[in-house]
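Numbering of the sequence shown is given in the working numbering, commencing with residue 1220 and proceeding in unit increments. Glycine included, C-beta positions come from ideal geometry on N, C-alpha and C. Take a look at the structure below.
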Amino acid sequence: MIMPIGKLPPELTTKIFELAIQSNVAEGPSSPHTSASTAGDLFRLLHLSHVCSLWRQTIITSPTLWALCPVDVQLDRRQKKYLDGLQMLLDCSAKLPISVSLATTGDTFTGPTGPLILPAIISTASRWRDLDVDTRSVLDLDHLRLPPGTFAALETLRISYKNMIPQAPITLFTLFPRLHCLRVTFSRNSDRDALLQMPWTQLSHVEITDPNPHTCLSALLRCNNIVSAVLITRRYLATLEAAVVMLPCLETLKIECRGASGGIGTFFTQLHLPVLKTLSLAFQDSVLWSASTFAVFQSRAPNIAELSLEGCVIPSHELVAVLQLAPVLKKFTLKYCPQCIDDFFLEAFAFGPDHTDRLVPQLEELDWQAVYHHFDLPIFEAAIRSRLSISDMTSPAVPHLRSVRVVDSMWSQADALRVCLQDLCDQGLTLILS
């Protein structure tokens, strides 16, 4: 059905505008706001309001549209028109939840606008849903000594300590009763455990970026109800003698460590993750793989269904040992692991003629990138075929491989192997080789 847009019900017109504002369509090179998401959303909204009087009226009277625009606040801006525009944006979104970003261009306030902007922003704090703050704005908010309930709606908090590190604990963040998602970035190396005063037990997702791995692990171990976590650091942990901590709800864990050479075992010695489903590890090539420590960890995390390893110089026989302790693995990803895959691994990976001693029998997706060519292609072909040739009479419950992606690894022989496996592709196998 085709209907002139002027005759659409206001509710439908508003919904169309919502989709237009949230779209990722580029605004074009002439737009002055293409690099700022806040300005970009507002720019699209104002453009729509200039099309005709009907659209302008719809937009002006639709708080849901204005609430879609993140409020990006520079606390040390001096211009009165900046404060007026900010107040208009806050007023237009009425009482709806909004996303707010607070930042300063320097480490101290230098003009009269700062004291004016903070009260205007704080008056709407009860409806902040997402908050992004830097060090200076954190300190100024903390100095206001805000009463409990000020941030009653806040669910997501992002903090970036880049220019300076607070010298005393920040208690502000303990006032967030609905906070469940936390992202913290430290760019300088120091002990900050005491500074991170957070409602840890209510968090369901954390992302900690810190050169100090102890800060990352210490924060994670406080989150009794965490569901997903990302730890990004630049050094490896020294040996720790500490008790094992169970995180009974953690399903997804990603650890990135890109720094000096060292061992990764200490990351896992304290972790007991009974429901962990997805584990992603990204390290430098100089990482020392601790097979025995990781095996003990796997015994405390028996339900890993997706495993991703990047930059791990792990010998093939130790990789086989890892997979032997992952009986429910469904997706296996390798990136830039030059020693992992060879003839020994592929022979262990293949199902035997009697279909016994299967390695990761439930595996459905294989994704390898830059594992390099240290194996014979016929052995690779045989291993893949063995996992798609089990008859239903023999083992009807065992799933077959559905997807095999091996890129930046086979070079000139990829085309020949693709031809050899074409019959499996005809049976439904997704095959990508290069």
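Quick check on residue i: does DSSP put it in helix, strand or coil?
i: Leu1650; result: strand
i: Lys1300; result: helix
i: Met1465; result: strand
i: Lys1234; result: helix
i: Val1532; result: coil
i: Cys1657; result: This structure cannot settle anything about residue 1657, because the visible part of the chain is limited to 1220 through 1653.
i: His1212; result: With the chain represented from 1220 up to 1653, any question about residue 1212 goes unanswered, as that position is not in the structure.
i: Asp1353; result: strand
i: Arg1519; result: coil
i: Trp1347; result: strand
i: Asp1634; result: helix
i: Leu1490; result: strand
i: Lys1473; result: strand
i: Cys1639; result: helix
i: His1416; result: Strictly speaking, residue 1416 in this sequence is Gln, with His absent from that position. Correct three-state label for Gln1416: coil.
i: Gln1503; result: coil
i: His1433; result: helix
i: Glu1374; result: coil
i: Glu1246; result: Only weak support is given to the placement of Glu1246: the predicted model assigns it a pLDDT of 43, under 50, and the question is left unresolved by the model.
i: Ser1655; result: The first residue shown for the chain is 1220 and the last is 1653, placing residue 1655 beyond what the model contains.
i: Cys1524; result: Here residue 1524 is Ala; the residue named in the question, Cys, does not match the sequence. Ala1524: coil per DSSP, three-state reduction.
i: Leu1391; result: helix
i: Ala1342; result: Reading off the sequence shown, one finds Ser at residue 1342, where the question assumed Ala. Here Ser1342 sits in coil by DSSP.
i: Ile1240; result: helix
i: Arg1263; result: helix
i: Cys1400; result: strand
i: Ser1268; result: helix
i: Leu1538; result: helix
i: Ser1318; result: strand
Counting only the same chain and skipping the five closest in sequence on each side, list residues whose C-beta sits under 6 Å from that of residue i.
i: Ile1378; result: Val1352, Val1403
i: Glu1525; result: Thr1497, Lys1550
i: Phe1568; result: Leu1578, Ala1602
i: Leu1643; result: Leu1607
i: Gly1484; result: Ser1509, Thr1512
i: Arg1637; result: Leu1652
i: Ile1598; result: Asp1562, Leu1565
i: Ala1286; result: Ser1312, Leu1315, Ile1317
i: Leu1401; result: Leu1376, Leu1422, Val1425
i: Lys1300; result: none
i: Lys1475; result: It should be noted that the sequence gives Glu, not Lys, for residue 1475. Ile1451, Ala1501, listed in sequence order.
Once you ignore the five residues that flank residue i on each side, which residues in its own chain have a CB closer than 8 Å to its CB?
i: Val1626; result: Trp1587, Gln1588, Ala1589, Ile1651, Leu1652, Ser1653
i: Thr1393; result: Gln1416, Met1417, Pro1418
i: Ser1345; result: Gly1368, Thr1369, Phe1370, Ala1371, Ala1372
i: Pro1248; result: Per-residue confidence for Pro1248 stands at a pLDDT of 35, beneath the threshold of 50, marking its modelled position as unreliable; no derived number is given.
i: Phe1395; result: Phe1370, Leu1373, Leu1376, Pro1418
i: Ile1523; result: Leu1495, Lys1496, Thr1497, Leu1498, Gln1517, Ala1545, Val1547, Leu1548
i: Val1446; result: Ser1423, His1424, Cys1468, Leu1469, Glu1470, Thr1471
i: Gly1478; result: Pro1430, Thr1452, Arg1453, Arg1454, Tyr1455, Gln1503
i: Val1463; result: Thr1488, Gln1489, Leu1490, His1491, Arg1519
i: Leu1620; result: Leu1582, Glu1583, Glu1584, Leu1585, Ile1603, Arg1606, Leu1607, Leu1648
i: Gln1306; result: Ala1339
Is the distance from the Cβ of residue i to the Cβ of residue j below 8 Å?
i: Asp1634; j: Phe1594; result: no
i: Phe1516; j: Val1539; result: no
i: Tyr1380; j: Ser1406; result: yes
i: Ile1451; j: Thr1434; result: no
i: Leu1308; j: Val1290; result: yes
i: Leu1358; j: Leu1376; result: no
i: Pro1493; j: Pro1467; result: yes
i: Leu1640; j: Glu1600; result: yes
i: Leu1440; j: Glu1470; result: no
i: Leu1267; j: Glu1237; result: no
i: Leu1436; j: Phe1486; result: yes
i: Ser1605; j: Phe1570; result: yes
i: Leu1500; j: Ser1527; result: yes
i: Leu1294; j: Thr1323; result: yes
i: Thr1343; j: Asp1361; result: no
i: Val1292; j: Ile1336; result: yes
i: Leu1596; j: Gln1543; result: no
Quick one: what's got a C-beta closer than 7 Å to residue i's C-beta in the same chain, skipping five residues either side?
i: Thr1233; result: Thr1277, Ser1281, Thr1283, Leu1284
i: Trp1274; result: Leu1267, Ser1268
i: Pro1229; result: Thr1277
| Three or more C-beta pairs closer than 8 Å, one from the segment 1588–1598 and one from the segment 1548–1565: is that the case here? | yes
| field | beta strand (DSSP E) runs contained entirely in the segment 1541–1613, provided each spans 3 or more residues | value | 1550–1554, 1584–1588
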